[in-house]
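Quick notes on the structure that follows.
Residue numbers (the numbering used here), protein chains in the order written: chain A, 18 to 506; chain B, 18 to 506.
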């Protein structure tokens with residue numbers, strides 16, 4: 018399958034792929050449709066932004082097999098957009114054994130004309146012991162191999178399992194790649210999301226991404242909460258499926274990109290979707306449950322697709338880092354999760370475009386963006402044709418180089434160019450220590466690299482405490498000496 | 018006038034006040050209506066969430082005086098909700114002299130039945146020299162004194178001027194308070210907002226707030242961009258007026274709480290309001306300008322009131338700090354601006370409720386929340402009946418006290434209570450230096466306070482470098498000694 022990448026930022030991208038029922042633009046959400054419970058008519062899902070839906074082949078097989086074989090899954094649901102079918106492995110995880118084989122469910126999916134079929138993988142839950150996870154995975158891999166036979170004209174999604182064992186996740190991805198799927202679907206992660214274990218989720222995604230080629234379509238199985246879309250897209254995920262919109266609505270829960278609200282706790286509707294612009298919380302609370310459930314499901318869909326559009330727009334503007342760094346503030350576990358990207362520099366460096374329109378500093382996470390390190394590497398190669406070089410912290414002064422956190426050393430002639438010249442960064446005194454240290458680290462590497470030169474560093478006293486243990490070819494001059502003396506006392 | 022405060026958080030509040038045309042719940046936005054240019058019919062503004070509108074008495078006086086005197090301003094505009102009238106001082110700032118006196122325009126506002134009238138103040142622009150600002154202010158104060166005579170049944174809004182001179186802003190607030198307004202309207206700030214000088218704006222608001230009693234209604238004149246609503250409400254502002262929704266729409270600009278977008282740059286509409294759910298960016302771009310202008314104005318209103326509802330809900334949930342700390346990431350100048358609240362501890366401490374549901378850490382700004390300092394003060398008074406006290410960084414260990422950043426020292430019996438027990442905070446290794454230092458500072462104060470006791474502090478090696486220069490009554494024990502040895506090498 019061709020995955021046409023139209024635009025990209027961080028590790029995320031806007032892409033397109035073709036199915037038997039038309040193109041799908043990613044990132045996107047597949048609303049999950051229960052073939053037997055109609056909450057919102059599937060044909061109406063387009064109006065919320067849906068380009069593709071997902072349904073459960075196992076449930077159809079158990080309840081409406083003949084009808085589905087006769088009509089095909091699209092007519093069964095009444096939709097003309099692409100349909101992905103799940104195999105029932107979620108039911109397998111919840112209820113144990115299913116009365117169906119991998120081959121039967123694959124063949125069925127193919128016969129009913131599913132656009133994306135999925136083998137009956139074994140979704141091992143988080144924290145499973147290693148042997149269980151490995152044995153489950155072996156079964157999954159075998160079933161994925163068998164799946165090729167049933168592909169026909171459908172696309173094939175290969176689940177990636179392995180519980181929270183990162184080496185097994187990588188093994189799963191490698192084997193799936195060998196088999197050759199059209200979509201790689203990271204599974205068994207719903208329990209991680211339900212318990213806000215976003216660090217584990219981020220690690221799993223990054224380990225899987227480290228194995229798969231950049232043009233692989235990645236589906237995050239069961240990820241339907243808008244709270245994690247921006248982080249997941251920024252890590253390179255393309256598809257999400259949402260049963261959440263309906264499940265949460267049934268339970269009077271209201272989705273937002275900054276978490277879930279219980280309707281009973283809402284005094285105001287913090288959204289402007291057609292539902293929230295029309296009703297007050299009290300009106301919703303007082304209406305019949307069945308009517309309310311539909312309206313909440315509609316809100317949940319509106320807000321989910323809104324977040325997808327916001328993310329896509331951020332990719333177009335190349336400010337997905339800024340969006341993610343704002344979104345992770347909504348829960349400290351997301352903050353923690355994003356902070357581990359520091360450990361995955363190499364893969365971020367490969368994906369993230371170097372040139373962008375702007376660099377807005379949002380906090381210490383901004384220091385982890387690849388451009389900061391890349392800038393520090395790049396300026397090592399700037400040629401210096403002077404014997405004595407002046408570096409200053411004050412852009413108003415004449416100097417050969419300037420110090421600007423978090424970037425470090427900036428040649429005077431690059432002060433107007435990206436990234437530094439297109440950056441909005443608070444003054445050093447208002448920045449996090451980490452940003453200052455990052456700049457000093459860059460400075461030290463630069464000084465070491467040019468150990469044959471003499472440097473004069475002119476700084477204001479604020480900087481003095483950060484500039485310790487510099488090499489011998491450096492003289493420091495304090496621009497506001499009096500304060501400097503105070504500091505030394 | 019009675020300002021009934023229903024709920025509060027940070028320095029913000031949800032309040033209610035009565036006008037001649039009904040109650041207004043704050044915080045809210047007054048959409049500005051031009052009596053001669055109908056973009057959205059004023060009577061339709063309620064559907065977006067408007068509870069009160071603003072119009073310009075000077076323009077009405079110049080163009081439709083007799084009609085207004087006959088019908089009154091409500092019938093003139095065709096609305097039944099409260100109307101605030103502006104006096105024309107904005108026109109004064111832009112065009113210089115007006116052909117009207119303060120008394121004339123006040124009397125006119127009163128006669129046409131305005132619910133909130135405003136004298137003809139002098140809006141001195143930012144950075145005016147001190148004498149100009151002072152002289153302008155003297156005129157404003159005189160005109161405010163005269164206004165009392167014309168009040169009748171209307172409410173009186175007294176503008177606060179003084180340019181960027183903080184002492185003049187305070188003087189203006191003090192004088193206005195003496196005169197006795199119903200609403201205090203901070204003016205002359207549009208140029209600050211247009212140039213993203215949010216630090217200056219924050220300082221002006223805080224200085225004015227430091228003078229006015231807590232139950233004064235504060236209007237931020239000309240502040241119509243949703244980007245600053247959360248910060249302004251958190252600092253205690255109650256009313257905003259928005260001509261922006263229309264002005265930006267005329268110019269094909271699209272408001273969002275994270276900044277302004279040009280329609281031409283939008284590939285996706287990052288919003289789910291009834292307009293953005295119905296149209297694509299291309300459909301908007303291709304339609305007649307007059308039609309597009311209305312739709313953009315509608316979007317701008319929807320998104321502005323959405324932000325107000327979101328802020329009000331945050332006040333109800335007592336997580337306005339969390340909302341603001343997320344919103345300030347949208348522009349580094351907002352980040353910088355919020356960081357100066359550190360300098361205004363005293364006033365924040367007075368306003369911010371001590372007990373809340375939860376404490377979500379979002380970054381170094383979370384360390385500035387009053388609860389952190391208040392907790393550190395409070396635990397000084399915890400009685401210690403032991404001679405040797407054990408403090409640990411590891412909650413899994415038995416100890417008398419624990420260290421948890423940014424709070425500092427937590428008595429074992431308080432580990433489940435607010436704030437610490439209700440906090441979500443990353444592990445120390447993933448936190449900003451400032452949070453760790455804040456905790457160490459709290460620890461040191463605690464140790465100093467109990468200099469008669471002996472302390473054993475059991476920490477993991479990560480903490481070693483932060484625990485220097487502790488008093489002599491303290492022994493440090495490293496929980497993971499091997500790593501500790503590595504560190505000392």
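Yeah, the Cβ is synthetic: ideal placement off N, Cα and C, and Gly gets one too.
{"Query": "Compare the C-beta of residue 300 of chain A with all C-beta atoms of chain B and state if any pair is closer than 9 Å.", "Result": "no"}
{"Query": "Would a check of beta-carbon distances place residue 242 of chain A closer than 9 Å to chain B?", "Result": "no"}
{"Query": "How about residue 289 of chain B: is its C-beta nearer than 9 Å to some C-beta of chain A?", "Result": "yes"}
{"Query": "List the residues that DSSP assigns as beta-bridge partners of residue 409 of chain A.", "Result": "A:419 and A:475"}
{"Query": "How big is the Cα-Cα spacing for residue 488 of chain A and residue 461 of chain A?", "Result": "8 Å"}
{"Query": "Run through the region 178 to 247 of chain B for me and flag every whole alpha helix (DSSP H) of 4 or more residues, listed as ranges in chain order.", "Result": "183 to 196, 207 to 211 and 215 to 228"}
{"Query": "Whole angstroms is fine: what's the gap from residue 65 of chain A's alpha carbon to residue 305 of chain A's?", "Result": "23 Å"}
{"Query": "At a CB distance below 8 Å, what residues from the region 378 to 394 of chain B approach chain A? Give them in sequence order.", "Result": "378, 379, 380 and 381"}
{"Query": "How would you write the range of the alpha helix (DSSP H) that residue 295 of chain A sits in, first residue to last?", "Result": "291 to 295"}
{"Query": "For residue 388 of chain B, which of helix, strand or coil comes out of DSSP?", "Result": "helix"}
{"Query": "Residue 320 of chain B versus chain A: which residues are under 7 Å apart at the beta carbon?", "Result": "289"}
{"Query": "Rounded to a whole number of angstroms, what is the C-alpha to C-alpha distance between residue 228 of chain A and residue 402 of chain B?", "Result": "58 Å"}
{"Query": "Between A:412, A:466, A:435 and A:438, which lies nearest to residue 496 of chain A when the distance is taken from Cα to Cα?", "Result": "A:412"}
{"Query": "Buried or exposed: which applies to residue 444 of chain B, given that a residue is buried once 16 or more other Cβ atoms fall within 10 Å of its Cβ?", "Result": "exposed"}
{"Query": "I'd like to know whether the C-beta of residue 439 of chain A is nearer than 9 Å to at least one C-beta of chain B.", "Result": "no"}
{"Query": "Leaving aside the five residues before and after residue 375 of chain B along the sequence, list all residues of the same chain whose C-beta is less than 6 Å from its C-beta, in chain order.", "Result": "439"}
{"Query": "Thinking C-alpha only, which one of B:51, B:18 and B:46 is nearest residue 37 of chain B?", "Result": "B:18"}
{"Query": "Enumerated in chain order, which unbroken segments of the alpha helix (DSSP H) with a length of 4 residues or greater are wholly contained in the region 81 to 116 of chain A?", "Result": "82 to 88, 90 to 94 and 106 to 112"}
{"Query": "Leaving out five residues on either side along the sequence, give the residues of the same chain with a beta carbon under 8 Å from the beta carbon of residue 441 of chain B.", "Result": "375, 376, 377 and 378"}
{"Query": "Could you tell me the alpha carbon to alpha carbon distance between residue 280 of chain A and residue 271 of chain A, rounded to whole angstroms?", "Result": "6 Å"}
{"Query": "Run through DSSP, which three-state label would residue 75 of chain B get?", "Result": "helix"}
{"Query": "Please give me, in chain order, every unbroken run of the beta strand (DSSP E) with length at least 3 that falls completely inside the region 32 to 61 of chain A.", "Result": "39 to 43 and 45 to 50"}
{"Query": "Which two residues bound the contiguous beta strand (DSSP E) that contains residue 7 of chain B?", "Result": "There is simply no residue 7 of chain B to check, as chain B begins at 18 and stops at 506 in what is shown."}
{"Query": "Taking all protein chains shown into account, do 16 or more other C-beta atoms lie within 10 angstroms of the C-beta of residue 398 of chain B, making it buried, or fewer, making it exposed?", "Result": "exposed"}
{"Query": "Would you call residue 112 of chain A buried or exposed, if buried means 16 or more other Cβ atoms sit within 10 Å of its Cβ?", "Result": "exposed"}
{"Query": "Would you list the one or two residues that DSSP bridges to residue 395 of chain B?", "Result": "Residue 395 of chain B is not bridged to any residue."}
{"Query": "Say whether chain B places a C-beta atom closer than 9 Å to the C-beta of residue 254 of chain A.", "Result": "no"}
{"Query": "Between which two residues does the beta strand (DSSP E) holding residue 301 of chain B run?", "Result": "Careful: residue 301 of chain B lies outside any beta strand (DSSP E), inside the alpha helix (DSSP H) at 298 to 303."}
{"Query": "Could you pull the start and end residues of the beta strand (DSSP E) that residue 468 of chain A belongs to?", "Result": "Counting along the chain, residue 468 of chain A falls outside any beta strand (DSSP E), and DSSP gives it neither H nor E."}
{"Query": "Of all the CB atoms in chain B, is at least one closer than 9 Å to the CB of residue 506 of chain A?", "Result": "Confidence at residue 506 of chain A is low in this model, with a pLDDT of 37, below 50, so the placement of that residue is unreliable and no value is reported for it."}
{"Query": "Do the region 202 to 217 of chain B and the region 165 to 172 of chain B make contact, defined as three or more Cβ pairs closer than 8 Å?", "Result": "no"}
{"Query": "Compute the beta-carbon to beta-carbon distance between residue 432 of chain A and residue 420 of chain A, rounded to the nearest angstrom, for a pair I have assumed lies under 8 Å.", "Result": "At roughly 11 Å, the Cβ-Cβ gap does not stay under 8 Å, so residue 432 of chain A and residue 420 of chain A are not in contact."}
{"Query": "Taking residue 338 of chain A as part of the alpha helix (DSSP H), name the residues at either end of that continuous run.", "Result": "337 to 344"}
{"Query": "Exposed or buried, residue 259 of chain A, counting other C-beta atoms within 10 Å across all chains shown (16 or more means buried)?", "Result": "buried"}
{"Query": "Hey, out of A:233, A:57, A:380 and A:372, whose CA is closest to residue 202 of chain A's CA?", "Result": "A:233"}
{"Query": "Compute the Euclidean distance between the alpha carbons of residue 176 of chain B and residue 355 of chain B, then round it to the nearest angstrom.", "Result": "24 Å"}
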